[in-house]
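J.:
In my numbering, the protein residues as written are 53 to 467.
Shown next as C-alpha cells:
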C-alpha cells in the first residue's frame, strides 16, 4: 500500500481536451499544474458523453453498463427519470475512502451519496433557479429534500449556496451570473475546509458553469472563454490558499472534465420526429424505449432520414438493456424536445443549445483531460486513457487497497 496523501478532486464541467490543448494560454493556472505534474492529454468519455455518466465513471472506475448511470436520465422500466446517487451500482471513491476510515467531504459534487461523507453540500444546481435546470422538476421531492440538507460533522458549519432571489426564467443573464457566484462559493468552501484545523482526507467538488455557458453561447465564444478562464482562476485561487496555509505539500489536486463540447447547428426534435415514442435526448445521443426488434428497426429507419446512426445498447445495464436503443446524431446535430410542442412543425430546427456533447462514440471533441499535481506526483505526460482509469489513480493516491484491475490501470503509473 502506498503512503496516504490527502486529495482534492475537482471536476470542471465541459472543458474538452481539445480546448485545454488549443487554448492553454487562457488557462495559466491549469497549464502550470499540468507542466509541474502529470497531464493525461486525452481521456475518453463513457457512452453517452454526458454529465452524470462522465462523473460516475470517474468516481467508480466502472463503465456505465456496470455502474448503472447510462444517461443523465435513466429508464426505470416505466419512464425516464433523473439519475440519483442511490442508482449507482458500484462503490464510489467516497464510499471506499470512508470505509477505510478516511474523512470525506463532498462539496457540490454530483452522484455522491450523502451517507458516504462526513461533510456534504449538494450541487448548487439542484436548487432549481436556473432555466432548464436538469433535475429538480423530475426528481422525487423526498429525494430532493434529502440531497439539499447539508451535513457537517466535527463542528464544521456547512454554508448554503445562494438562492435564486426570485430571478425569473426569462432573465438568463442574471441566472448565469448567479451560477458563477455559486461556483465561487463552492470553491471557497473547499479552500476553507482544506485549510482548516481538521482537513478532510478526500474532498470532491465541481465547477459547473463552463458547461452551461457553452450550451447557451457556443463553443469558443467569448462568453465561453470567460467562463473557462474563471474555472481556471478558481483552481488557481485554491492552489494559492493551500500554499499560504502551508498545506500544499499535504494534498494532491486532481482536475478533470466529464466530457467535451462541440458546435451544434441543427436540432432534431424528437417529439416531432418520433411522435408518441418514449425517448430521452442526451445531447447528440438519443435513448429510445423499444418494444421489440421490429419496433427498433422502425425507429432506426425513421431516424436515418435525419442522418442519425444506431449505436447499439452495450452501455446500458443488463436489467433494461433489451428495452433501450441508442442513436447518435450526425455531425453538428443534436437531439432536443421542441419548445413549441407543435406536432405539425418541422422535425429539424434551430437548437436551443448551440454547443453540446454526447457525440458519436469515439468522437475526439468529446474527449476530456486530467491533471494530477502535488505531493509525490511526478512530472509526466500520459497520452491517452479511458474513462474508467481516473478512479484507480484516486485510490492509489489515497493509499486504498487496489484490486488487480486497479494496479494495471493508470493509477500506479502517475507516481
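We treat Cβ as the ideally placed atom computed from N, Cα and C, and that holds for glycine.
#1: With a Cβ-Cβ cutoff of 9 Å, do residue 68 and residue 267 count as a contact?
#2: Cα separation between residue 369 and residue 339?
#3: When burial is assigned at 16 or more other CB atoms within 10 Å of the CB, is residue 107 buried or exposed?
#4: Determine, using beta-carbon pairs with one atom in the stretch 324 to 331 and one in the stretch 75 to 92, whether at least three such pairs fall under 8 Å.
#5: Looking only at its own chain, which residues have a Cβ that is under 8 Å from the Cβ of residue 439, when we skip the five neighbours before and after it?
#6: Kindly indicate which three-state DSSP category residue 376 falls into: helix, strand or coil?
#7: According to the neighbour-count rule (16 or more other Cβ atoms, all chains shown, within 10 Å of its Cβ), is residue 155 buried or exposed?
#8: For residue 135, I'd like the list of residues in its chain whose CB is within less than 6 Å of its CB, leaving aside the five on either flank, ordered along the chain.
#9: For residue 336 versus residue 100, is the C-beta spacing smaller than 9 Å?
#10: According to DSSP, which residues form a beta bridge with residue 61?
#11: Answer yes if the stretch 362 to 377 comes into contact with the stretch 340 to 348, meaning at least three C-beta pairs across the two stretches below 8 Å, and no otherwise.
#12: Let's see if you can read the secondary structure: which residues bound the alpha helix (DSSP H) around residue 280?
#13: Can a CB atom of chain B be found closer than 9 Å to the CB of residue 339?
#14: I'd like the list of long-range same chain contacts for residue 76, defined as Cβ closer than 7 Å, with 5 residues on each side in sequence excluded.
#15: Given this structure, state the Cα-to-Cα distance separating residue 239 from residue 397, to the nearest angstrom.
#16: Judging by CA-CA distance, which residue of 381, 402, 384 and 59 is the nearest neighbour of residue 390?
#17: So, do the stretch 134 to 152 and the stretch 380 to 389 have three or more beta carbon pairs nearer to each other than 8 Å?
#18: Just to confirm my understanding: we take residue 162, look at its own chain, exclude 5 residues before and 5 after, and list those with CB closer than 6 Å. What are they?
#19: Along the beta strand (DSSP E) that carries residue 318, what are the first and last residues, could you check?
T.: In short:
#1: no
#2: 13 Å
#3: buried
#4: no
#5: 95, 96, 97, 98, 106, 109, 110 and 115
#6: Strand at residue 376.
#7: The Cβ neighbour count for residue 155, taken over all protein chains shown within 10 Å, is at least 16; the residue is labelled buried.
#8: Excluding sequence neighbours, residue 135 sits near 104, 121 and 126.
#9: yes
#10: By DSSP's assignment, residue 61 forms a beta bridge with 256 and 306.
#11: yes
#12: 274 to 296
#13: No chain B appears in the structure shown, which is made up of a single protein chain.
#14: Within its own chain, the residues whose Cβ lies closer than 7 Å to the Cβ of residue 76, once the five positions on either side in sequence are excluded, are 83, listed in chain order.
#15: 44 Å
#16: 402
#17: The stretch 134 to 152 makes no contact with the stretch 380 to 389; the number of CB pairs closer than 8 Å stays below 3.
#18: 107 and 175
#19: Run containing residue 318: 318 to 321, per the beta strand (DSSP E) assignment.
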